[in-house]
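First to last, the protein sequences are chains E and V. The first sequence lines up with residues 259 to 653 when you count with the numbering used here. The second sequence lines up with residues 5 to 295 when you count with the numbering used here. C-beta: ideal position from N, C-alpha, C; glycine also. Fair warning: this is a prediction, and the values are worked out from it, not measured in the lab. Written out below as structure tokens is the structure these notes cover.
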Amino acid sequence: MNGLFLVARREVLVRGRTKGYLVSMIISAAVVAVLAFLPKLLGGPDEYNVGVVGAESAVISEALTTLQPTQETTGDEGPATVTVTEFPDEAAARAAVEDGDVDAVILNGDTLLTDGGVNSELSLIVDTAYKQVASAQALESAGLPPDQVAQAMASVPEMKQQSIGEDADEAGARLAIASIVVIFLFFMLMYPVMFVAMGVIEEKSSRIVEILLSTLRPWQLLGGKIIGLGILGLINVLVITAAGLIAASASGIMPDLPPGTISTLFATLGWWGLGYAFFAALAGALGSLVSRQEDANATITPLTMLMVASYLVALLTASNPKSSLAVVLSYVPPFSAMMMPMRSASGSVEWWEQVLSAVLLAAAVVGALALGARIYRRAVWRMGSRVKLMEALRG
Amino acid sequence: MMEIDGLRKSYGDKVALDGVTFTVRSGEMFGFVGANGAGKTTTMRIAMGVLEPDAGEVRYEGRPLAFADRRRFGYMPEERGLYPKMKIAEQIAYFGELHGMSAAKSKKAAAEWLERLNLTDRAGDHVQDLSLGNQQRVQLAVALVHEPEVLILDEPFSGLDPIAVDTMADVLAERNAAGVPVLFSSHQLELVERICDSVGIIADGQMVAVGSVGELRRKEGRRVLKVAVEGAAPGWADALPAKVVGNDDGALLISTDDDQAVLAGAVAAGRVTHFGWQEPTLVEIFREAVA
Numbered sequence: 259m260n261g262l263f264l265v266a267r268r269e270v271l272v273r274g275r276t277k278g279y280l281v282s283m284i285i286s287a288a289v290v291a292v293l294a295f296l297p298k299l300l301g302g303p304d305e306y307n308v309g310v311v312g313a314e315s316a317v318i319s320e321a322l323t324t325l326q327p328t329q330e331t332t333g334d335e336g337p338a339t340v341t342v343t344e345f346p347d348e349a350a351a352r353a354a355v356e357d358g359d360v361d362a363v364i365l366n367g368d369t370l371l372t373d374g375g376v377n378s379e380l381s382l383i384v385d386t387a388y389k390q391v392a393s394a395q396a397l398e399s400a401g402l403p404p405d406q407v408a409q410a411m412a413s414v415p416e417m418k419q420q421s422i423g424e425d426a427d428e429a430g431a432r433l434a435i436a437s438i439v440v441i442f443l444f445f446m447l448m449y450p451v452m453f454v455a456m457g458v459i460e461e462k463s464s465r466i467v468e469i470l471l472s473t474l475r476p477w478q479l480l481g482g483k484i485i486g487l488g489i490l491g492l493i494n495v496l497v498i499t500a501a502g503l504i505a506a507s508a509s510g511i512m513p514d515l516p517p518g519t520i521s522t523l524f525a526t527l528g529w530w531g532l533g534y535a536f537f538a539a540l541a542g543a544l545g546s547l548v549s550r551q552e553d554a555n556a557t558i559t560p561l562t563m564l565m566v567a568s569y570l571v572a573l574l575t576a577s578n579p580k581s582s583l584a585v586v587l588s589y590v591p592p593f594s595a596m597m598m599p600m601r602s603a604s605g606s607v608e609w610w611e612q613v614l615s616a617v618l619l620a621a622a623v624v625g626a627l628a629l630g631a632r633i634y635r636r637a638v639w640r641m642g643s644r645v646k647l648m649e650a651l652r653g
Numbered sequence: 005m006m007e008i009d010g011l012r013k014s015y016g017d018k019v020a021l022d023g024v025t026f027t028v029r030s031g032e033m034f035g036f037v038g039a040n041g042a043g044k045t046t047t048m049r050i051a052m053g054v055l056e057p058d059a060g061e062v063r064y065e066g067r068p069l070a071f072a073d074r075r076r077f078g079y080m081p082e083e084r085g086l087y088p089k090m091k092i093a094e095q096i097a098y099f100g101e102l103h104g105m106s107a108a109k110s111k112k113a114a115a116e117w118l119e120r121l122n123l124t125d126r127a128g129d130h131v132q133d134l135s136l137g138n139q140q141r142v143q144l145a146v147a148l149v150h151e152p153e154v155l156i157l158d159e160p161f162s163g164l165d166p167i168a169v170d171t172m173a174d175v176l177a178e179r180n181a182a183g184v185p186v187l188f189s190s191h192q193l194e195l196v197e198r199i200c201d202s203v204g205i206i207a208d209g210q211m212v213a214v215g216s217v218g219e220l221r222r223k224e225g226r227r228v229l230k231v232a233v234e235g236a237a238p239g240w241a242d243a244l245p246a247k248v249v250g251n252d253d254g255a256l257l258i259s260t261d262d263d264q265a266v267l268a269g270a271v272a273a274g275r276v277t278h279f280g281w282q283e284p285t286l287v288e289i290f291r292e293a294v295a
């Protein structure tokens, strides 16, 4: 046990202090944080500055500020607010539009001055306010007393909306989150798994394994490496997840996330752990077959292919998480390591499905560790040309 | 005491070891010599448990050598191995801990070894930034950091400059004096002759000669007399019951069964300035043994 701990500690201290590890973690965290802000940046502002000038200014500005945001204007980000500024004359208002101080100016209550047009949300708000004012004036000029006009205007109920299918916005968000979960898992698995293979090959190619194995059992050397690099991988995952969550709450998109997103993220950590143990055990075994860094690619390609295949199939089925392919593969290790969290993020799984899939994957992890240790033990001290997998298995 | 007893090992059809047997006693410096591919490395790897023999066993203090025993051994494999991207002080201390030392003790021992090997100012460097000779020193420190009970070193002197050879020899002699059996292989036969108590010569997987350097010399049938005679006529030895086998800087090298007859002949021929047995060097013994 002490040997296992010493090996794991060395991996954490030596690999964790390399610039490559720290820099890639910081960059990944920064990228994830930026991604969390992206919906905000692309979604347009929530606040508009509108200027008013000339006749009808008072009426129109009252309409703008009291306007109840309709369903269409709320979008993903909640109701937009409109700030109204009154300008003394048309020249000042035009200058403000040109300088970008305001998004648009309503001139004499019937003309919209813009700097090259406004976005559809603001256009809708302004149009609604204009029509409200114009309708009220039309009714008044038709002879209705002003209080009745006000009553009539207020009695128009908002249009009801009812979705027959899934909420389109939520479905979109779920697809995005499922895709992000899959991409995140893939990269977070790929890095430490490759480090395991590289580390095993480094020890074998530098022949240090011969000294190590005179004081350590093979399972201690392989197990310590998997644990140590796993700890580094977990730190990476936690830092990046934290960066994403902090950025998401800072950018204010948290309330817009579909229900269950946060618990999905926590479950993803568990899937990452199982997936890592599975792939890392195989990576260690395959790495032990070769004695030269140049042979690294050849030996670990089958594993990389398996990981890429799991990734692609999970990513491609994210848009159709209820397809039978997605459902079946979400129970088949190692595909389940990415398929099940993808389905979970898509909001289409029961808790017992996740537990069942996790149990199956955990059983596969035990098998992979036993198989990996067996191959590693037999192959790691055979120097020279690449050891054939079947030879290592038979011993 | 470490006993290597009847080791056999084949790789496919090729027999690498064919009944290798010898003993390294406590406090003994054992030089293991042989041509490339004779079986030195295979023997040492089996002794370190890195390789399984097909037959035979290695005993330590009378018991079959176990994993726990080997943890207290010091080993330098033929192909040097260190982590290229790990600081050398940390690396030496790491191996100390792997051999069961406490963290504090191994750190201290690492510092002492760096001091001893003149590497203190490189303590924070990565192994890959050191010269080969310095990497070799680190390798020695890795093998010795835990004060091993037995040393098994495969070609510890190869690639060292003369100063480093002396340092290495001193270190080995010191461990030896502390009662540690040292088994090392080398192609530098003069060096082996100079520092070893015993020598084992292996050829084609079999031990062809084992014993102290003196024993091996005496065993040799081809001892020659070295005789220098001032003022002797050329060919003075031709009539003697002897055969001139060589010439060493004016002195004749004579092979004979009757040394007294040669002495009498030499005295008769002139003024004898040198008369003595010329002992074969290890190089000669080795050539003879593996021929």
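Query	Result
Contact criterion: CB-CB distance below 8 Å. Does E468/E meet it with respect to chain V?	yes
If you reduce the DSSP assignment to three classes, tell me which class T522/E lands in.	helix
Quick one: is G261/E near chain V, going by C-beta distance under 8 Å?	yes
Indicate the three-state DSSP secondary structure (helix, strand or coil) for A362/E in the structure shown.	strand
Rounded to the nearest angstrom, what separates N366/E and E344/E at their Cα positions?	12 Å
So W281/V is in the beta strand (DSSP E); what residue range does that whole segment cover?	R275 to Q282
Taking A616/E as part of the beta strand (DSSP E), name the residues at either end of that continuous run.	Per DSSP, A616/E belongs to no beta strand (DSSP E); it is in the alpha helix (DSSP H), W609 to A637.
Keeping to the same chain, check which residues put their C-beta closer than 6 Å to that of L686/E; ignore five residues upstream and five downstream.	Absent from the structure is residue 686/E, since the part of chain E shown begins at 259 and ends at 653.
Can you check whether the CB of Q390/E is closer than 8 Å to the CB of A436/E?	no
Taking Y74/V as the query, report the chain E residues whose CB atoms sit under 9 Å from its CB, ordered along the chain.	According to the sequence shown, residue 74/V is Arg rather than Tyr. Chain E residues near R74/V: S472 and T473.
The alpha helix (DSSP H) that contains G23/V, what's its start and end?	Counting along the chain, G23/V falls outside any alpha helix (DSSP H), though it belongs to the beta strand (DSSP E) covering K18 to V28.
Does DSSP classify S190/V as helix, strand or coil?	coil
Apart from the five residues on each side of it in sequence, which residues of its chain come closer than 8 Å, Cβ to Cβ, to I199/V?	M33, G35, A173, L176 and A177
Quick one: which unbroken alpha helix (DSSP H) runs of 4-plus residues sit fully inside the stretch 51–108 of chain V? Chain order, please.	71–74 and 92–102
Any Cβ of chain V within less than 8 Å of the Cβ of A637/E?	no
According to DSSP, is V248/V helix, strand or coil?	strand
At the 8 Å Cβ level, is R669/E part of the contact set with chain V, yes or no?	This structure cannot speak to residue 669/E, because chain E is shown only from 259 to 653.
Measuring only the C-alpha atoms, how far is E267/V from E219/V?	In the sequence as presented, Glu is not what sits at residue 267/V; that position holds Leu. Rounded to whole angstroms, L267/V to E219/V spans 26 Å at the Cα level.
Rounded to a whole number of angstroms, what is the C-alpha to C-alpha distance between Q192/V and F290/V?	12 Å
Assign T277/V to buried or exposed, taking buried as 16 or more other Cβ atoms, counted over all protein chains shown, within 10 Å of its Cβ.	exposed
Assuming N307/E is part of the beta strand (DSSP E), what are its boundary residues?	E305 to V311
Can you tell me whether DSSP reads E379/E as helix, strand or coil?	helix
Rounded to the nearest angstrom, how far is the Cβ of V212/V from that of V203/V, given a contact under 8 Å?	Incorrect: roughly 11 Å between the Cβ atoms, too far for contact.
Are the C-beta atoms of Y279/E and some chain V residue less than 8 Å apart?	no
Kindly indicate which three-state DSSP category R227/V falls into: helix, strand or coil?	coil
Pull the bridge partners of I206/V from the DSSP assignment, please.	G38/V and M211/V
So, at 7 Å on beta carbons, what are the nonlocal neighbours of T25/V in its own chain, with the 5 sequence-adjacent residues on each side left out?	I8, D9, G10 and M211
In terms of alpha-carbon separation, which member of A506/E, I459/E, L474/E and Q551/E lies closest to G542/E?	I459/E
Expressed to the nearest angstrom, what Euclidean distance is found between the alpha-carbon atoms of L371/E and V613/E?	60 Å
If we define contact as Cβ-Cβ less than 8 Å, is S643/E a contact residue for chain V?	no
Terminal residues of the continuous beta strand (DSSP E) containing R126/V?	Premise fails: R126/V is in no beta strand (DSSP E) and is neither H nor E.
Mind reading off the beta-carbon distance from G274/E to L480/E? Whole number of angstroms is fine, and I expect it under 8 Å.	So it is not a contact: roughly 19 Å between Cβ atoms.
Quick one: grab the DSSP three-state call for G605/E.	coil
Following the continuous alpha helix (DSSP H) through I318/E, name the residue where it begins and the one where it ends.	S315 to T324
Assuming contact is defined by CB atoms lying nearer than 8 Å, are P152/V and G78/V in contact in what I supplied?	yes
Give the DSSP bridge partners of V340/E, in chain order.	Y306/E
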